[in-house]
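The structure appears below as structure tokens.
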Amino acid sequence: MLKSILNTLKFSLKKGNAKILIQKIRRRIFDNSNNVVSPGILNWLNKNAVDFNKFAEDLDPELWNESKAFWHEFKKQAVTKLESLPITLGGPGIYPLLYFIVRYSKPKTVVETGVAAGFSSQAFLKAMSKNGKGKLYSSDYPYFRIKDPEQYIGVLVDAELKNNWELYIKGDSVNLPLIVQDVDQIDIFHYDSDKSYDGRENALEITNSKMASNSLILIDDINDNSHFFDTIQNKNITDYSIFKFKDKYIGMIGRL
Ligand SMILES: C[S@@+](CC[C@H](N)C(=O)[O-])C[C@H]1O[C@@H](n2cnc3c(N)ncnc32)[C@H](O)[C@@H]1O
Numbered sequence: 017m018l019k020s021i022l023n024t025l026k027f028s029l030k031k032g033n034a035k036i037l038i039q040k041i042r043r044r045i046f047d048n049s050n051n052v053v054s055p056g057i058l059n060w061l062n063k064n065a066v067d068f069n070k071f072a073e074d075l076d077p078e079l080w081n082e083s084k085a086f087w088h089e090f091k092k093q094a095v096t097k098l099e100s101l102p103i104t105l106g107g108p109g110i111y112p113l114l115y116f117i118v119r120y121s122k123p124k125t126v127v128e129t130g131v132a133a134g135f136s137s138q139a140f141l142k143a144m145s146k147n148g149k150g151k152l153y154s155s156d157y158p159y160f161r162i163k164d165p166e167q168y169i170g171v172l173v174d175a176e177l178k179n180n181w182e183l184y185i186k187g188d189s190v191n192l193p194l195i196v197q198d199v200d201q202i203d204i205f206h207y208d209s210d211k212s213y214d215g216r217e218n219a220l221e222i223t224n225s226k227m228a229s230n231s232l233i234l235i236d237d238i239n240d241n242s243h244f245f246d247t248i249q250n251k252n253i254t255d256y257s258i259f260k261f262k263d264k265y266i267g268m269i270g271r272l
């Protein structure tokens, strides 16, 4: 506990970090919509969810097999690497599907929020490397309760894939406007960082100007609050999919 307080203080003294810390504390205290989801929305998610194995297999069975093989291999390496670290990072995700989506749609530009150990980053970069094109822009900020947290962001990403990777670590509200300035168009936007309603809404607003009619938006943990449901309803979106993975849901806006 004392160690974690000291690390937080040390983190906040570094240039630019106090802003991140204040933002995080403010969200925790004032964002009441965080983690509030009605049984009606959970029911809607459950009713509309499709099996992502079947979804991918129907589109391209061979590519889906390749995606599962990627995940099988990477998972083994990731477990070994993460076990050797003094901290716990990341959680389960729908990584073979992320790899599949990139292999299938061959995007030029992918933007993601939330890196942590880098499961999703590695899935995107590996698929882009296999495609022979594509660049990944990632936004994160360090877990400030641990010592020198920057070194752990994206530890699972292969060194040889980093040429096509731009990593920003000052938090979404700082990083995303910079990323938006840097790219012509966002082909895939994967949101997996600040899980609050406002965090999701702000990120979609910031990136909106670079989304095209055929862009895809993927949002993790849409069962946390009503943000995905509200977006679909308020914008009359008809092209969307919901995938269930273990006890959580991932939303996709757009058509693959
Ligand atoms: C669930 S983890 C991401 C997991 C990652 N996508 C993967 O597949 O391994 C969430 C990450 O988002 C970061 N995060 C939380 N709030 C953020 C914010 N406002 N801006 C940027 N990153 C944030 C956390 O520090 C953490 O690294």
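For this note's numbering, count along the sequence shown from 1 and bump the result up by 16. Here a beta-carbon is modelled for each residue, glycine too, at the ideal position from N, C-alpha and C.
Report yes if the C-beta distance between residue i and residue j is below 8 Å; otherwise report no.
{"i": "residue 270", "j": "residue 233", "result": "yes"}
{"i": "residue 199", "j": "residue 129", "result": "no"}
{"i": "residue 119", "j": "residue 85", "result": "no"}
{"i": "residue 231", "j": "residue 185", "result": "no"}
{"i": "residue 190", "j": "residue 223", "result": "no"}
{"i": "residue 180", "j": "residue 141", "result": "yes"}
{"i": "residue 176", "j": "residue 153", "result": "no"}
{"i": "residue 139", "j": "residue 168", "result": "no"}
{"i": "residue 72", "j": "residue 83", "result": "yes"}
Just tell me which of the options has its CA closest to the CA of residue i.
{"i": "residue 121", "options": "90, 64, 204 and 254", "result": "204"}
{"i": "residue 256", "options": "241, 229, 240 and 263", "result": "229"}
{"i": "residue 104", "options": "127, 112, 117 and 132", "result": "132"}
{"i": "residue 243", "options": "265, 225, 137 and 144", "result": "265"}
{"i": "residue 206", "options": "34, 156, 87 and 75", "result": "156"}
{"i": "residue 134", "options": "150, 90 and 252", "result": "90"}
{"i": "residue 52", "options": "253, 260, 246 and 254", "result": "246"}
{"i": "residue 100", "options": "62, 61 and 172", "result": "172"}
{"i": "residue 220", "options": "65, 241, 237 and 193", "result": "193"}
{"i": "residue 150", "options": "170, 117 and 160", "result": "117"}
{"i": "residue 263", "options": "96, 92 and 65", "result": "65"}
{"i": "residue 268", "options": "208, 218 and 215", "result": "208"}
{"i": "residue 259", "options": "56, 63, 54 and 34", "result": "63"}
{"i": "residue 226", "options": "70, 102, 77 and 127", "result": "127"}
{"i": "residue 174", "options": "97, 78 and 163", "result": "97"}
{"i": "residue 249", "options": "30, 34 and 57", "result": "57"}
{"i": "residue 159", "options": "178, 123 and 210", "result": "210"}
Quick one: measure Cβ to Cβ for residue i and residue j, integer angstroms, because I've assumed they're closer than 8 Å.
{"i": "residue 114", "j": "residue 145", "result": "That pair is no contact at about 14 Å."}
{"i": "residue 241", "j": "residue 61", "result": "That pair is no contact at about 12 Å."}
{"i": "residue 109", "j": "residue 236", "result": "7 Å"}
{"i": "residue 272", "j": "residue 75", "result": "7 Å"}
From which residue to which residue does the beta strand (DSSP E) around residue i run?
{"i": "residue 182", "result": "181-184"}
Could you please give the first and the last residue of the uninterrupted alpha helix (DSSP H) stretch that includes residue i?
{"i": "residue 91", "result": "77-99"}
{"i": "residue 151", "result": "Not the alpha helix (DSSP H): residue 151 falls in the beta strand (DSSP E), residues 151-155."}
{"i": "residue 169", "result": "Element bounds for residue 169: n/a, residue is neither H nor E."}
{"i": "residue 56", "result": "55-64"}
Legend entry - Ranges of the alpha helix (DSSP H) found wholly within the segment 190-263, counting only runs of at least 4: You should have 213-223 and 243-250.
Inset, instruction - Jot down the residue ranges of each uninterrupted alpha helix (DSSP H) in the segment 109-135, minimum 4 residues, whole runs only, in chain order. - result: 111-121
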